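**Student:** In our numbering, the protein residues as written are 30 to 227.
A virtual CB, placed ideally from N, CA and C, is assigned to each residue, including glycine.
Source: prediction; values computed, not measured.
Could you have a look at this structure, given as structure tokens, before my questions?
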């Protein structure tokens, strides 16, 4: 696998073991459609279980969406080092276990190590945390990651666009993430203000 970067941006996408694998896969699909963006994918064991359970997609199909794929236990890979130039990382979805490991600096697998690198190098890290209701440990861990410079981004759907399908809700959320990564979107749905009610 080559890790040579094309002109443009490198984005790491991680899928951990929370419900919502569709967010990670849809993000990969969206990034695939952008010129000059190279994607680096790492998926936890539980993440792969959720891809199968929730999306019924074969592993090879998801891996084909990324430019480079790493095993979750390969902590010696390129993205485990701060010398690897990278423009952002998104954990989509982010389990509470993964959040806790990031909050405490426990680099016990490639997802949490890459996230730790993003924080120490002051690069953009977006965690699409998925859990409800939240207990105090969850909230404190979110605060810790925020204080370290990470962005906590629960995939909460917006209904002001009047979505008609689950796909529309997922696309709107992924579009917001792409905005956070400063990536262009030709067809992004934007809030235009409240319409007058007659």
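(1) Among the candidates 126, 73, 53 and 133, whose CA atom is the shortest distance from the CA of residue 173?
(2) Of the choices 161, 136 and 160, whose alpha-carbon is the least far from that of residue 103?
(3) Determine whether the beta carbon atoms of residue 235 and residue 67 lie at a separation below 9 Å.
(4) Per DSSP, what are the beta-bridge partners of residue 39 in this structure?
(5) Counting along the chain, where does the alpha helix (DSSP H) carrying residue 166 start and finish?
(6) Using the rule of at least 16 other Cβ atoms within 10 Å of the residue's Cβ for burial, across every protein chain shown, is residue 65 buried or exposed?
(7) Is any beta-carbon of chain D found at less than 9 Å from that of residue 99?
(8) Looking at the structure shown, is residue 131 part of a helix, part of a strand, or coil, going by DSSP?
(9) Check each candidate in 77, 37, 167 and 153 and name the one with the smallest Cα separation from residue 119.
(10) Once DSSP output is grouped into helix, strand and coil, what is the label at residue 185?
(11) At which residue ranges does the segment 42-119 contain complete alpha helix (DSSP H) runs of 4 or more residues, listed in the order of the chain?
**Tutor:** According to the data block:
(1) By one-based count along the chain shown, residue 173 stands at place 144. Selected option, being the one with the closest Cα: 133.
(2) By 1-based counting over the chain shown, the position of residue 103 is 74. That would be 136, whose Cα lies nearest to the Cα of residue 103.
(3) Outside the modelled stretch of the chain, which goes from 30 to 227, sits residue 235, for which no answer is possible.
(4) Here residue 39 corresponds to residue number 10 of the chain shown, with the count starting at 1. The partner list for residue 39 (beta bridge, DSSP) reads 67.
(5) By 1-based counting over the chain shown, the position of residue 166 is 137. Its alpha helix (DSSP H) spans residues 165-176.
(6) Here residue 65 refers to the residue found at position 36 when the chain shown is read from its first residue. Per the 10 Å Cβ criterion, exposed.
(7) The structure shown has no chain D; it contains just one protein chain.
(8) Reading the chain shown from its first residue, position 102 is the one you call residue 131. Correct three-state label for residue 131: helix.
(9) By 1-based counting over the chain shown, the position of residue 119 is 90. Measuring from the Cα of residue 119, the nearest candidate turns out to be 153.
(10) In the chain shown, the residue the question calls residue 185 occupies position 156. Residue 185 falls in the coil class under three-state DSSP.
(11) List check, alpha helix (DSSP H) in window: 50-61, 74-79 and 88-92.
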